[in-house]
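Chemist: Below you will find the structure I want to go over with you.
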Amino acid sequence: MQDENVISRMTDHINLYDRALTIIRKKGYELFLFPNNIDDLSVGTYFAKKDNRDFNAEDPLRLLGMINIWEVQGDDWWDKPKYPSERITDELTDEVYPESPKDYEVFGEDRFRTFVKKCQSFFSLGMFPEIEIKSDISRKELFEIISNLGKEEDE
1 MQDENVISRM
11 TDHINLYDRA
21 LTIIRKKGYE
31 LFLFPNNIDD
41 LSVGTYFAKK
51 DNRDFNAEDP
61 LRLLGMINIW
71 EVQGDDWWDK
81 PKYPSERITD
91 ELTDEVYPES
101 PKDYEVFGED
111 RFRTFVKKCQ
121 SFFSLGMFPE
131 IEIKSDISRK
141 ELFEIISNLG
151 KEEDE
C-alpha cells in the first residue's frame, strides 16, 4: 500500500551521479575524477574546486552533500557551525538497533508513540508490505518486528 502523500521516491543509485555532478558544475565548481583503480573506470575519488576551496568524496552524491553542508555552514562548519550538530545518528540507531524491548522503555510514552507513527509511515511506503504497525503496538511487538528486519534476506 503506497502512501498517497508520497509523490515520488529517490534512492541512492549510480543513475543520480550525472545529475549530482551537473548540479555541482552549475554551482561553478571545477570537477576532477582521480582513478583509484585503473582497471575499473567507475571507481575513483571525485574532486570539486572553487574559490580556494576543495572537496573530495568517493561518489558524486557525497560530494554534493559536502558542498551543501559547506554552503549552509560556511568556513567555520567544524568549529562554529550555523546549526550545531545534534545527536541524530545516535537517536536513529537507538530506535532501530534495540537489544531488548527494554530499550524502548527508556523512550517514554511520547517518544515511543512518535517512533510508532514514524514506523507506520515508512512501512506504508511499500518496501515491507507484509508488515503492519498498529497504533496500539506494544514495545515487545515492535522490538520483534524491528529486530527481525533484513534477517530473511541474510538467511
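Sequential numbering from 1 applies to the sequence shown in the UniProt record's numbering.
Don't be surprised by glycine CBs; every beta carbon is placed ideally from N, CA and C.
These numbers come from a predicted model, not from an experiment.
Within the same chain, show all residues whose beta-carbon is closer than 6 Å to that of F34, passing over the 5 residues directly before and after it, in chain order.
Modeler: Along the sequence shown, read from residue 1 onward, the residue named residue 34 stands at position 34. The answer, listed in chain order, is G44 and T45.
Chemist: Let me know the secondary structure DSSP gives R9 once reduced to three states.
Modeler: Position 9 of the sequence shown, counted from the start, is the residue given in the question as residue 9. DSSP places R9 in coil when its eight states are reduced to three.
Chemist: Assuming I145 and V116 make a contact with CB atoms under 8 Å, what is their CB distance in whole Å?
Modeler: The sequence position of residue 145 within the sequence shown is 145, counting from 1. The sequence position of residue 116 within the sequence shown is 116, counting from 1. At roughly 11 Å, the Cβ-Cβ gap does not stay under 8 Å, so I145 and V116 are not in contact.
Chemist: Could you tell me the alpha carbon to alpha carbon distance between F32 and Q73, rounded to whole angstroms?
Modeler: Walking along the sequence shown from the start, residue 32 turns up at place 32. Walking along the sequence shown from the start, residue 73 turns up at place 73. Whole-angstrom Cα-Cα distance: 24 Å.
Chemist: Quick check on R62: does DSSP put it in helix, strand or coil?
Modeler: Here residue 62 refers to the residue found at position 62 of the sequence shown. Secondary structure at R62: helix, using DSSP grouped into helix, strand and coil.
Chemist: Leaving aside the five residues before and after P60 along the sequence, list all residues of the same chain whose C-beta is less than 6 Å from its C-beta, in chain order.
Modeler: The count along the sequence shown starts at 1 and reaches residue 60 at position 60. Excluding sequence neighbours, P60 sits near Y17, A20, L21 and Y46.
Chemist: Excluding sequence positions up to five away, which residues of its chain have a Cβ less than 6 Å from the Cβ of Q120?
Modeler: Locating residue 120 in the sequence shown gives position 120, counting from the first residue. Correct list, in chain order: I133.
Chemist: What residues in its chain sit with their C-beta under 8 Å from that of I24, if we drop five residues either side in the sequence?
Modeler: For the purposes of this step, residue 24 is taken as the residue at position 24 of the sequence shown. L31, A48, P60, L63, L64 and I67.
Chemist: Quick one: what does DSSP say E91 is sitting in, helix, strand or coil?
Modeler: Reading the sequence shown from its first residue, position 91 is the one you call residue 91. Three-state result, E91: helix.
Chemist: What does DSSP give as the partner residues of K134 in its beta bridges?
Modeler: One-based indexing of the sequence shown puts residue 134 at position 134. Answer is none; K134 lacks a bridge partner.
Chemist: Can you look up Y17 in the DSSP assignment and give me helix, strand or coil?
Modeler: Taking the first residue of the sequence shown as position 1, residue 17 is located at position 17. Correct three-state label for Y17: helix.
Chemist: Can you check which of these residues, S8, K50 and M10, is closest to I26 by C-alpha distance?
Modeler: To locate residue 26, count along the sequence shown from 1; it is residue 26. It is worth fixing the name first, because residue 26 is Lys in this sequence and not Ile. The option with the nearest alpha carbon to K26 is K50.
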